[in-house]
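Residue numbers (full-length UniProt numbering), protein chains in the order written: chain L, 1 to 273; chain V, 1 to 356; chain F, 1 to 268.
Built from N, CA and C at the ideal position, the CB exists for glycine as well.
In this text, all values refer to a predicted model and were calculated from it rather than measured experimentally.
Below you'll find the structure, written out as structure tokens, and then a few comments.
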Amino acid sequence: MRNKNGFSNLYLVLVFAVLYAPIFYLMYYSFNSGGTMHEFEGFTLDYYREVIQDTRLIIIVINTLVIALLSSAIATLIAIVGALAIQRTRSRRAKNSLLSLNNVLIVSPDVIIGASFLILFTIVGIKLGFVSVLLSHVAFSVPIAVLMILPHLQDMSPTLTDAARDLGASRRDVLTKVILPIIKPGIFSGFFMALTYSLDDFAVTFFVTGNGYSTLSVEIYSRARQGVSLSINALSTMIFLFTILLVVGYYFLTLRKHRARIAEPVAEVGVPR
Amino acid sequence: MKQLVNTFLAILIAAFALMYLGAWMNSNEGYSGTNTLTIYNWGDYIEPELLKEFETETGITVIYQTFDSNEAMLTKVEQGGTTFDVVIPSDYAIAKMREEKLLLPLDHSKLPNLVNIDSRFMDLSFDPGNEYSVPYFWGTVGIIYNPEMTKGMTFDSWDSLWDSRLKNNILLVDGAREVMGMALNSLHYSVNDQNEAHLQAALTKLNKLSPNVKAIVGDEIKMLLANEEAAVGIVWSGDAAEIMDENDKLDYVVPQEGSNKWFDNMVIPRTAANVDGAHQFINFMLRPDVAAKNAEYVGYSTPNVPALKLLPAEVSEDTRFYPPASLTDRLEVYDNLGKRMLAHYNELFLKFKMNK
Amino acid sequence: MKNKGRSYYLIPYYLWIALFVIAPVLLIIYYSLFDLDGHLTIDNYINFFTPVYLKMTLNSFWYAFLITAFSLLIAYPAAYLLTRTKHKQLWLLLIILPTWINLLLKTYAFIGIFGKFGPVNNFFDLLGLGEQQILFTGFSFVFVSVYIFIPFMILPIYSALEELNLSLLDAARDLGASGWTTFRRVIFPLTISGVRSGCMAVFIPALSLFMITRLIAGSQVITLGTAIEQHFLVTQDWGMGSTVAVFLIAIMALFMILTGGSRKGVQK
Chain L
1 MRNKNGFSNL
11 YLVLVFAVLY
21 APIFYLMYYS
31 FNSGGTMHEF
41 EGFTLDYYRE
51 VIQDTRLIII
61 VINTLVIALL
71 SSAIATLIAI
81 VGALAIQRTR
91 SRRAKNSLLS
101 LNNVLIVSPD
111 VIIGASFLIL
121 FTIVGIKLGF
131 VSVLLSHVAF
141 SVPIAVLMIL
151 PHLQDMSPTL
161 TDAARDLGAS
171 RRDVLTKVIL
181 PIIKPGIFSG
191 FFMALTYSLD
201 DFAVTFFVTG
211 NGYSTLSVEI
221 YSRARQGVSL
231 SINALSTMIF
241 LFTILLVVGY
251 YFLTLRKHRA
261 RIAEPVAEVG
271 VPR
Chain V
1 MKQLVNTFLA
11 ILIAAFALMY
21 LGAWMNSNEG
31 YSGTNTLTIY
41 NWGDYIEPEL
51 LKEFETETGI
61 TVIYQTFDSN
71 EAMLTKVEQG
81 GTTFDVVIPS
91 DYAIAKMREE
101 KLLLPLDHSK
111 LPNLVNIDSR
121 FMDLSFDPGN
131 EYSVPYFWGT
141 VGIIYNPEMT
151 KGMTFDSWDS
161 LWDSRLKNNI
171 LLVDGAREVM
181 GMALNSLHYS
191 VNDQNEAHLQ
201 AALTKLNKLS
211 PNVKAIVGDE
221 IKMLLANEEA
231 AVGIVWSGDA
241 AEIMDENDKL
251 DYVVPQEGSN
261 KWFDNMVIPR
271 TAANVDGAHQ
281 FINFMLRPDV
291 AAKNAEYVGY
301 STPNVPALKL
311 LPAEVSEDTR
321 FYPPASLTDR
331 LEVYDNLGKR
341 MLAHYNELFL
351 KFKMNK
Chain F
1 MKNKGRSYYL
11 IPYYLWIALF
21 VIAPVLLIIY
31 YSLFDLDGHL
41 TIDNYINFFT
51 PVYLKMTLNS
61 FWYAFLITAF
71 SLLIAYPAAY
81 LLTRTKHKQL
91 WLLLIILPTW
101 INLLLKTYAF
111 IGIFGKFGPV
121 NNFFDLLGLG
131 EQQILFTGFS
141 FVFVSVYIFI
151 PFMILPIYSA
161 LEELNLSLLD
171 AARDLGASGW
181 TTFRRVIFPL
191 TISGVRSGCM
201 AVFIPALSLF
211 MITRLIAGSQ
221 VITLGTAIEQ
231 HFLVTQDWGM
241 GSTVAVFLIA
251 IMALFMILTG
261 GSRKGVQK
């Protein structure tokens, strides 16, 4: 048993090592005075200074965060509804078609989504900028969130909702007291994956943005021809450390608070189950 | 349920707080004012201090927006929905924009500094008489090589790339015009050749290059060559300068059969909102001290003659990046081949890639 | 649940489908019917059935399959072990966290790591294996793709495993089932919905991967995603690009019907 434990720990350590390897690589070279991502010459904080002094870059980071948080939240709401809609559909054929429609945006390459959204927005007459970027991010984040929520709904025993209804619960109560708590882990997974999609998107944002509005991905990709400077590494390092601090700090804070109060702490921690 | 609602509210509050912060910073920087000028350019392709300098000199606030490829930029300008006052596309994109009537003619009387531009780089086929565009940076396409790894080979001719000693040691840039142009040049045809027999001959010749080609890559070619992943690369001179800046072992040469010379020019798109400011900006960028400072930051070759004199001699006298007229006269710009021919070039290039 | 017609809360989702799915798809189909000169034609569709595109389709499929298979193989045990750790939610979040760092930067890091003089080759040197060509191979392409998609696989599987009733496992053991039998007959079937949703979240986007085909595979791998990218951006042949996209969407729909169909008895 002991051996088995060691082995499984080793496996997880390996998975985490691979997941974080490129990030540590980036972070390491953000201190390189040599200016490149190979051959570490000497330690410097110049790139960090550069980032802090670059107001334009900081505004872009703020834009990116705003769009990511808002769009993921809205997309998750729509996705909850969407998953319910798919679940409610009786006939298998209708269900599959709905699911296929849901997945169109995942399978379409970003350029196509971006170009067609751009055409759409200019036809409707939406001014390109914050609103158009937000709408697009909501749009392409919905399907992945649906995919994360759906299995929880499908695994839910139908007798559960029936029982609740027999006991006289209103539709609203069934939704808020029975269904939502059960699919909560899916909702959180959906939100986090939507966040990933939003933070990573370059092509769609590029097409639908305008009037000086920019996000970090667009900025980084457009620097590729000139060569991405290490100040971007420095910026990523700061964002990464900040997020980790936030996540770990928040986790242990809530854990301690709840330990004092309830026996089952995990249920109330704001992370996916 | 309560937890879901709470989390959702927390996210909304965080987002709005950030939004407020962003708006505050924007207004502090003056980005939300009325007297603004939107510049659409490659990322990190201008000395940022110059933008500040321009702002204090004219009182105009500059909004700097970026693109990562000419084609993507074209789609944006074509589709509209947002205004750009100055755009910096490459030569063939300018020809296309001109054809599609996306550009405003420049008022040369508002650009007195235009006299600074070397006459070699004026009045080229993509914009006769410089009616719509003014050169920003220029360069060539050539071979960058690592003498340590190629052991005494010379690269004065494109044909040297076919040498079997370079097996699996060449990096190509992922561009149909560049790679096909290289093959056409090596056969002593023009980079703009449209003769089907010549094109097929070029493809046949390219397929023979396959064993030597290690990979066909994009902008990351700079990083790969600087890291010595391969001995030889076909690159734009601007990239070559950056690579050699990182790794001084490498050397760059433009083969004598001829090659391409390229330009990034400043233009004013038809949808511009601040045409006057756009002219002011272009004229500002043509000033010798400004152009010199910019060239120093970006590292590409400037077409500005007095600016060149302000640059250190080791830069301005480097014939690899500032070749004499005898060489530049042999180089050609890419003509606008029309959609059909361009598609054909790409098709041939795709065949070459799939053949690998 | 009986339909009482009070389903107005579904409106946002259907609105989303109409505006951001159906409208763009119609637009794509419309564009696919025009050639370069703007003439109405079905040439693009005929063109798709040439060896070049068929080979690309096959390529895309093969790699998407490989990527999905390896993701599953690595993600399932990882998800399983995660459910057994202390602070499991924290660990799960830490699995997602790397996806928030820009992909282009991570890809650059991989170029460095896999490079001739990168840490991996240094390690090989240490082992006396000598320098290996890792970049620009099918292996590195699959590796980086799996890297990108692995959180999308772990998350749904983890959720499914979390919901697993532990008493079922005890019951299975009490009935004398071996570890493997328990897994095969109890655990895996009960988490199949998570596995399916993970496979969808990986396989579908993997079909249209494009950027890393050039960065990591050095254009040795050419997929339908690359072709669309080229047509939209380089040749500006939106007709052909849209046609490839139409096929991509059709293939995805077919895949959905095939995998969705195997689910027995849609709940009543």
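**Item:** Cβ pair count under 8 Å reaching 3, the stretch 186-200 of chain F against the stretch 151-171 of chain L
**Value:** yes
**Asked** Fully enclosed by the stretch 7-67 of chain F, which alpha helix (DSSP H) runs are 4 residues long or longer?
**Response** 11-16, 23-32 and 43-48
**Request:** Would you mind working out which of N165/F, G118/F and M200/F sits nearest I154/F, comparing C-alpha positions?
**Result:** M200/F
**Asked** Got a sec? Which residues, its chain only, sit under 7 Å from L134/L by beta carbon, not counting five neighbours each side?
**Response** I67, L70 and S71
**Asked** How long is the line joining the alpha carbons of N207/V and S208/F, rounded to whole angstroms?
**Response** 27 Å
**Asked** First and last residue of the alpha helix (DSSP H) that includes S157/V?
**Response** Here S157/V belongs to no alpha helix (DSSP H), and DSSP marks it neither H nor E.
**Item:** For V246/F and Y63/F, believed in contact at Cβ under 8 Å, the rounded distance
**Value:** Wrong, their Cβ atoms sit about 21 Å apart, outside the cutoff.
**Message:** Tell me the rounded alpha-carbon separation between L72/F and F149/F.
**Reply:** 10 Å
**Request:** Return the residues of the stretch 108-138 of chain F that lie within a Cβ-Cβ distance of less than 9 Å from chain V, sorted by chain order.
**Result:** Y108, I111, G112, G115, K116, F117, G118, Q133, L135 and F136
**Message:** Taking a contact to mean a Cβ-Cβ separation below 7 Å, would you say T82/V touches N211/L in this structure?
**Reply:** yes
**Message:** Between I95/F, E162/F and S178/F, which has its C-alpha nearest Y147/F's C-alpha?
**Reply:** I95/F
**Message:** Please confirm whether G218/V has its beta-carbon closer than 7 Å to some beta-carbon of chain F.
**Reply:** yes
**Request:** Indicate the three-state DSSP secondary structure (helix, strand or coil) for P128/V in the structure shown.
**Result:** helix
**Message:** Please classify V25/F as buried or exposed, where buried requires at least 16 other C-beta atoms within 10 Å of its C-beta.
**Reply:** buried
**Request:** Sort out for me which residues DSSP pairs N304/V with in a bridge.
**Result:** I117/V
**Request:** Decide if residue 365/V is buried, meaning its Cβ has at least 16 other Cβ atoms within 10 Å, or exposed.
**Result:** The first residue shown for chain V is 1 and the last is 356, placing residue 365/V beyond what the model contains.
**Item:** Given N192/V as reference, the closest of A14/V, A17/V, L18/V and D335/V once Cα atoms are compared
**Value:** D335/V
**Proximity below 7 Å, CB of I144/V to CB of V213/V** = no
**Asked** For the 8 Å Cβ check, are there 3 or more pairs between the stretch 235-255 of chain F and the stretch 95-115 of chain L?
**Response** yes
**Prompt:** Among P288/V, K339/V, N346/V and F349/V, which has the Cα closest to the Cα of G38/F?
**Reply:** K339/V
**Prompt:** List, in order along the chain, the chain L residues whose C-beta lies closer than 9 Å to that of Y45/V?
**Reply:** S222, R223, R225 and Q226
**Message:** Cutting at 6 Å between CB atoms, please list the residues of its own chain near S231/L, excluding the five before and the five after it.
**Reply:** Y47, E50 and V51
**Request:** Could you tell me which residues DSSP pairs with M90/V in its beta bridges?
**Result:** Position check: residue 90/V holds Ser in this sequence, whereas Met was assumed. DSSP lists D264/V as partners of S90/V.
**Request:** Output the distance between the C-alpha atoms of V266/L and P181/L, rounded to the nearest integer angstrom.
**Result:** Unreliable placement is indicated for V266/L, whose pLDDT of 41 sits below 50; no coordinate value is reported for it.
**Request:** Between the Cα of I216/F and those of I204/F, V144/F, T235/F and A171/F, spot the shortest distance and give me the residue it belongs to.
**Result:** V144/F
**Request:** Just grab the DSSP bridge partners of Y252/V for me.
**Result:** I144/V
**Prompt:** Are the C-beta atoms of I67/L and some chain F residue less than 7 Å apart?
**Reply:** no
**Prompt:** How would you call P272/L, buried or exposed, if buried means at least 16 neighbouring beta carbons within 10 angstroms?
**Reply:** At P272/L, the pLDDT of 42 sits below 50, so the modelled position is not reliable; the number obtained from the coordinates is stated separately. So P272/L counts as buried.
**Asked** So, is the C-beta of M97/V closer than 7 Å to a C-beta in chain L?
**Response** no
**Prompt:** Along the chain, where does the alpha helix (DSSP H) that runs through Y345/V open and close?
**Reply:** G338 to N355
**Item:** Cβ neighbours of M149/V in the same chain (closer than 6 Å, five flanking residues each side left out)
**Value:** A231
**Asked** How many angstroms separate the CA atom of L19/L from the CA atom of T99/F?
**Response** 9 Å
**Request:** Pull out every residue of the stretch 226-241 of chain L whose Cβ sits closer than 8 Å to any Cβ of chain B, in chain order.
**Result:** Protein chains L, V and F are contained in the structure displayed, whereas chain B is not.
**Request:** Compare the C-beta of N47/F with all C-beta atoms of chain L and state if any pair is closer than 7 Å.
**Result:** no
**Asked** Sorted by chain position, which residues of the same chain lie with C-beta nearer than 6 Å to K268/F's C-beta, five sequence neighbours on each side aside?
**Response** With a pLDDT of 28 at K268/F, under the threshold of 50, the predicted position of this residue should be treated as unreliable, though the coordinate-derived value follows. Correct list: empty, nothing qualifies.
**Request:** Would you give the residue range spanned by the beta strand (DSSP E) that T66/V belongs to?
**Result:** T61 to F67
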